[in-house]
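For the sequence shown, full-length UniProt numbering begins at 1 and goes up steadily by one.
What follows is one structure encoded as structure tokens, with my remarks underneath.
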Amino acid sequence: MDVQIINVVIREPCALCTTTNKTCSQNCEFAPYFPAEKKLEYKNAHELFGTPSIMKMMRFAPTTEEKCMLASSILTEGKVWKDYPAKGGFETIRKLKWEILQRKFYLNKLKEKMKVVEEETKLGL
Ligand SMILES: [Zn+2]
1 MDVQIINVVI REPCALCTTT NKTCSQNCEF APYFPAEKKL EYKNAHELFG TPSIMKMMRF
61 APTTEEKCML ASSILTEGKV WKDYPAKGGF ETIRKLKWEI LQRKFYLNKL KEKMKVVEEE
121 TKLGL
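Shown next as structure tokens:
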């Protein structure tokens with residue numbers, strides 16, 4: 001008696017094909033970069049760039065590594081512009097710069113406290 005085990009992996013359509021109502025083939029060129037789990041992120045990118053532009057940009061990247069970086073960048077831009085519709089990436093950079101300033105200020109305060117403790121230790125206080 002022969003027993004055949006058929007291993008069929010059914011993958012959800014990728015985010016790009018879902019958005020465009022296309023059939024997502026097993027060899028879909030966009031599936032590795034915009035998997036089904038990233039539907040919400042892709043939706044933001046789609047609203048910002050439009051899927052035809054995203055497809056064009058992705059085909060412009062020559063290597064897999066560059067496609068990965070580009071897809072990540074596209075998804076990040078989509079999120080940033082959704083979060084800050086008036087300023088986009090500028091607002092993110094502004095917030096990060098502010099955070100760096102705050103941490104530098106905190107670091108300087110700690111350094112001042114360390115100096116005081118070192119001097120007190122030298123004096124045996
Ligand atoms: Zn697809």
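We put the beta carbon where it would ideally sit given N, CA and C, even for glycine.
Just so you know, these numbers come straight off a predicted model, no measurement behind them.
(message) Quick check: F30 and M57, are their CB atoms within less than 9 Å of each other?
(response) Contact check for F30 against M57 fails: the beta carbons are separated by 9 Å or more.
(message) Just to be sure I understand the criterion: a residue counts if its Cβ is closer than 6 Å to at least one heavy atom of ligand 1. Which residues meet that?
(response) P13, C14, L16, C17, C24, C28, F30 and A31
(message) Quick test of your reading: Y42 and A15, contact by CB under 8 Å. State the CB separation rounded to the nearest angstrom.
(response) That belief holds up - the Cβ atoms of Y42 and A15 are roughly 3 Å apart, short of 8 Å.
(message) Alpha carbons only, please: which of N27, G124 and F34 is nearest the one belonging to T18?
(response) F34
(request) Determine the burial state of I93: buried for a count of at least 16 other Cβ atoms within 10 Å of its Cβ, exposed for fewer. (result) Around the beta carbon of I93, fewer than 16 other beta carbons lie within 10 angstroms, which makes this residue exposed.
(request) Tell me whether the beta-carbon of K67 lies closer than 9 Å to the beta-carbon of P32. (result) yes
(request) Can you give me the Cβ contacts of A36 inside the same chain, cut-off strictly under 8 Å, excluding the 5 residues immediately before and after it? (result) R11, E12, P13, C14, A15 and T18
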